[in-house]
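This report concerns only the one structure given below.
Numbering (the numbering used here), first residue to last: 8 to 455.
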């Protein structure tokens with residue numbers, strides 16, 4: 008075999024931030040040849056964007072279809088923020104492969120929209136591809152899916168791809184999990200990564216495996232070049248292309264403008280009329296208080312605790328529309344019911360009131376706001392330095408059922424909550440609870 012070069016373009020974690028998408032499309036169209044490979048590494052869709060919400064992600068698939076990727080995998084935003092039926096139907100019109108080796112239907116069968124592996128033949132090369140996504144073990148089952156260890160899925164994929172000249176992993180595991188995968192499986196040539204939004208200017212080579220990742224929101228496109236001869240892959244190079252000076256794809260701009268206007272129209276539905284609810288992340292916040300009360304009822308909890316920063320703005324007096332609620336509460340965050348002893352509840356309350364917590368700027372974990380803000384509480388008061396729960400002094404030996412937001416239980420913010428008994432309410436998002444609470448509350452007012 009003569010010396011051959013293989014060129015790969017990749018990007019990840021667009022999160023429905025479409026500002027850069029016309030530039031990304033223009034760049035890839037300019038560099039497209041019959042020999043180049045194009046990959047999306049997941050979290051293309053994010054329900055924060057109204058057009059993704061109203062089309063159930065189908066807009067994102069239409070955008071991908073126009074780009075004609077070689078293959079894609081899914082991220083956690085497609086996997087655990089979309090209801091089961093949304094994800095099951097998301098790719099029904101797609102003509103590109105969706106590579107995903109570690110997600111199954113609840114009965115253990117492989118979804119019909121998924122390929123576990125794919126082998127391409129190009130210039131005498133056999134190029135083996137597979138995909139894996141982050142294994143949120145507590146969340147996928149709540150939506151009717153089974154999730155498998157990415158390591159087990161990778162072992163099986165590599166067995167199926169034995170004999171390929173090049174093996175490429177499409178990974179939405181995150182950089183540190185990619186490192187572990189590289190150390191365990193040196194037969195992988197390239198891991199195209201996502202999830203942790205790392206900007207790897209020249210990639211990272213670990214155990215002979217090149218790991219590449221291209222930030223987030225379409226700011227960068229990654230390019231990987233492999234050189235091969237009869238002995239196999241001889242060189243691996245990675246670089247990033249920053250897109251701020253790239254021309255826009257005019258057709259893509261027009262499509263996004265049209266879809267955005269249609270989404271606004273479809274969400275312009277009045278659900279109630281109110282006298283208004285103020286919002287303040289560091290003071291009285293009636294709208295956050297309303298949400299935490301609604302979440303407590305929703306979860307059938309004793310008490311509720313949420314960061315007031317999950318409510319991005321207040322409601323003016325007058326009509327309340329679905330569009331307003333989507334803007335006020337855009338996060339793909341679910342209600343969660345924690346079971347805590349009184350001692351842990353007191354620790355939770357103290358930590359959530361600390362300035363370092365309330366002023367924290369959070370990126371990820373489903374949070375789409377600015378800072379966490381002071382806690383909004385339901386059925387909890389603090390008087391004279393002591394907590395009272397449901398009118399009684401907090402009892403360190405009692406067990407309490409606490410409604411909160413799932414992001415606080417994932418580990419990075421309050422690690423001790425990750426180990427507590429919990430139930431996630433899915434696929435309902437915070438704005439669903441807020442909508443039902445407002446409708447219920449104002450139906451009662453009208454009847455009165």
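Backbone N, C-alpha and C fix where the C-beta goes; we use that ideal spot for every residue, glycine too.
Query: Coil, strand or helix - residue 16 by DSSP; Result: strand
Query: Whole-Å CB distance - residue 228 paired with residue 248, under 8 Å assumed; Result: 5 Å
Query: Residues sharing a beta bridge with residue 75, DSSP; Result: Residue 75 is not bridged to any residue.
Query: Cα-Cα separation between residue 161 and residue 136, rounded to whole angstroms; Result: 11 Å
Query: Pick from 445, 152, 57 and 319 that is closest to residue 281, judged by C-alpha positions; Result: 445
Query: Residues near residue 418 by beta carbon distance below 7 Å, same chain, minus five either side; Result: 425
Query: Where the alpha helix (DSSP H) through residue 248 begins and ends; Result: Residue 248 -> not in any alpha helix (DSSP H); beta strand (DSSP E) instead, spanning 239-249.
Query: For residue 400, the three-state DSSP class (helix, strand or coil); Result: strand
Query: DSSP beta-bridge partners of residue 332; Result: DSSP, once it has assigned bridges, lists no residue as partnering residue 332.
Query: Chain C contact for residue 78 (CB, 9 Å cutoff); Result: In summary, chain C is missing from the structure at hand, where a single protein chain is found.
Query: Of the residues 11, 15 and 32, the one placed nearest residue 250, counting alpha carbons only; Result: 32
Query: Beta-carbon proximity check, residue 201 vs residue 180, cutoff 9 Å; Result: yes
Query: Residue 275 versus residue 414 - alpha carbon distance; Result: 29 Å
Query: Which of helix, strand or coil DSSP assigns to residue 435; Result: coil
Query: Under the three-state DSSP convention, the category residue 222 falls into; Result: coil
Query: Bridge partners - residue 467, DSSP secondary structure assignment; Result: For residue 467 there is no data in the structure shown, the boundaries of the chain being 8 and 455.
Query: Three-state class that DSSP yields for residue 272 in the structure shown; Result: helix
Query: Buried or exposed by the 16-neighbour rule on C-beta atoms within 10 Å, applied to residue 423; Result: exposed
Query: Beta-carbon spacing of residue 311, residue 378 below 9 Å; Result: no
Query: C-alpha distance - residue 368 paired with residue 374, whole-angstrom precision; Result: 10 Å
Query: Contact check, residue 220 vs residue 255, beta carbons under 9 Å; Result: no
Query: Where residue 152 sits in the DSSP three-state scheme; Result: strand
Query: Among 47, 432, 279 and 394, the one whose alpha carbon lies nearest that of residue 328; Result: 279
Query: Sequence-distant residues of its chain with Cβ nearer than 6 Å to residue 21 (five each side left out); Result: 51 and 225
Query: Boundaries (first-last residue) of the alpha helix (DSSP H) holding residue 57; Result: 57-61
Query: Selection from 392, 427 and 268 that minimises the alpha carbon distance to residue 343; Result: 427
Query: Inter-residue spacing [alpha-carbon to alpha-carbon] between residue 15 and residue 337; Result: 34 Å
Query: Bridge partner(s) assigned by DSSP for residue 129; Result: 132
Query: 8 Å contact criterion, which residue 197 and residue 222 should meet: CB distance rounded; Result: Not confirmed; about 17 Å, so no contact.
Query: Residue nearest to residue 433 in terms of C-alpha spacing, selected from 230, 441 and 148; Result: 148
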